[in-house]
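In my numbering, the protein residues as written are 10 to 349. C-beta atoms are modelled at their ideal positions from N, C-alpha and C, and glycine is treated no differently. All values reported here derive from a predicted model rather than from experimental measurement.
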Ligand SMILES: [Zn+2]
Ligand SMILES: [Zn+2]
């Protein structure tokens with residue numbers, strides 16, 4: 010089968026033939042229809058993320074069909090996606106349901122071969138701990154591939170009190186998921202996005218106010234829109250560190266700043282601790298997903314109410330790894346995926 014392999018951080022990805030994985034007892038084999046390209050995959054390729062285990066097949070945003078099951082919980086022919094987080098199940102964090110903090114954590118497409126391939130093996134350890142999400146047949150791969158990013162958004166929203174106004178910095182794939190989930194809460198959504206085609210998409214899927222930050226001061230606009238008070242919450246769904254200082258300036262007193270994006274290695278910010286004290290700002294980050302988020306995302310995707318297909322703007326074969334990655338980096342489109 011064809012696969013896309015990270016051979017070493019900083020090197021171009023390569024297309025490599027590999028045998029179709031063989032299953033041990035309890036494993037499941039998924040035939041991949043689509044596998045989304047995540048910012049974390051880009052970081053891994055660039056060498057910004059140091060904790061990968063190359064050589065490894067990247068890809069964790071999987072949409073496929075179970076084609077072989079040696080696990081009694083799963084059946085051949087089921088449409089399935091994956092929660093890529095493998096955890097021990099018995100440590101302090103796992104027992105609290107905070108699987109993403111498990112010290113033994115390892116991931117599909119991170120430590121073991123992932124979904125940039127024709128087939129991906131899901132080990133027993135993951136299959137036995139609700140790491141496979143099964144959805145109804147009518148769910149399209151173009152929807153199902155958003156399961157993992159959607160689960161991350163559910164996790165983040167649980168940690169972020171929204172109030173009346175929320176600012177979303179960035180209308181990339183994640184920003185566009187946040188808009189759709191928050192829309193239903195009746196919260197006014199203010200989006201800041203420098204790219205025209207992404208602003209248009211944000212408008213289409215429900216943002217209330219859309220700002221081009223290259224044109225106006227987003228801090229001023231947010232203040233104007235909120236009668237000078239500032240916004241209740243900011244979700245930074247971007248990897249541009251320059252937005253961070255503005256994040257604090259547009260927050261109301263006691264507001265919540267969720268630094269969701271993956272920022273370049275060694276990004277640091279100047280934090281005026283005295284000001285933080287008096288502003289009462291809550292600054293935190295949401296990262297990855299827990300199994301309960303995966304459950305919420307599975308239910309959501311199964312309902313097919315979100316506009317997900319429209320966000321996928323680029324499909325690439327496994328023979329075009331760097332074309333696909335350059336497409337993501339160029340921001341010409343919105344979301345890209347490999348279609349084996
Ligand atoms: Zn992802
Ligand atoms: Zn654990």
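Looking at chain D, is there any beta carbon in it that lies within less than 8 Å of the beta carbon of residue 88?
The structure shown contains no chain D, having only a single protein chain.
Please confirm if the segment 329-343 is in contact with the segment 29-38, defined as three or more CB-CB distances below 8 Å between the two stretches.
In short, these stretches do not touch, since the Cβ pair count stays below three.
Could you tell me whether any non-hydrogen atom of ligand 2 is closer than 7 Å to the CB of residue 26?
No, ligand 2 has no heavy atom inside 7 Å of this Cβ.
Just tell me which of 138, 313, 270 and 262 has its CA closest to the CA of residue 181.
With distances taken between Cα atoms, residue 181 lies closest to 270.
For residue 31 and residue 130, what's the separation of their Cα atoms in angstroms?
Looking at the two C-alpha atoms, the distance is approximately 8 Å.
Below 8 Å between beta carbons: does that hold for residue 350 and residue 178?
This structure cannot settle anything about residue 350, because the visible part of the chain is limited to 10 through 349.
What's the call for residue 349, buried or exposed, on a 16-neighbour Cβ count within 10 Å?
By the 10 Å Cβ count, residue 349 comes out buried.
Please give the ranges of any alpha helix (DSSP H) in the segment 142-215, keeping only runs that are unbroken, at least 4 residues long and fully inside the region.
Runs of the alpha helix (DSSP H) inside the segment 142-215: 150-153, 156-167, 182-192 and 205-213.
Three-state secondary structure (DSSP) at residue 101?
Helix, per DSSP.
Of the choices 138, 328, 259 and 68, whose alpha-carbon is the least far from that of residue 122?
Looking at the Cα atoms, 68 is the closest of the given residues.
Can you list, in chain order, every residue whose CB sits closer than 6 Å to a heavy atom of ligand 1?
Here the list is 47, 49, 69, 70, 157 and 158.
Any heavy atom of ligand 2 closer than 7 Å to the CB of residue 111?
Under cutoff, so the answer is yes.
Between the segment 53-60 and the segment 136-151, do at least 3 Cβ pairs fall closer than 8 Å?
Contact between the segment 53-60 and the segment 136-151 is absent, because fewer than three Cβ pairs lie under 8 Å.
When the Cα of residue 324 is compared with those of 313, 342, 195 and 315, which residue comes out closest?
Minimum Cα distance to residue 324 is reached at 342.
Where does residue 274 land, buried or exposed, given buried means 16+ other C-beta within 10 angstroms?
Answer is exposed; the Cβ neighbour count stays below 16.
Please list, in chain order, all residues of the same chain as residue 316 whose beta carbon is under 7 Å from its beta carbon, the five residues on each side excluded.
Excluding positions up to five away in sequence, the list reads 189 and 214.
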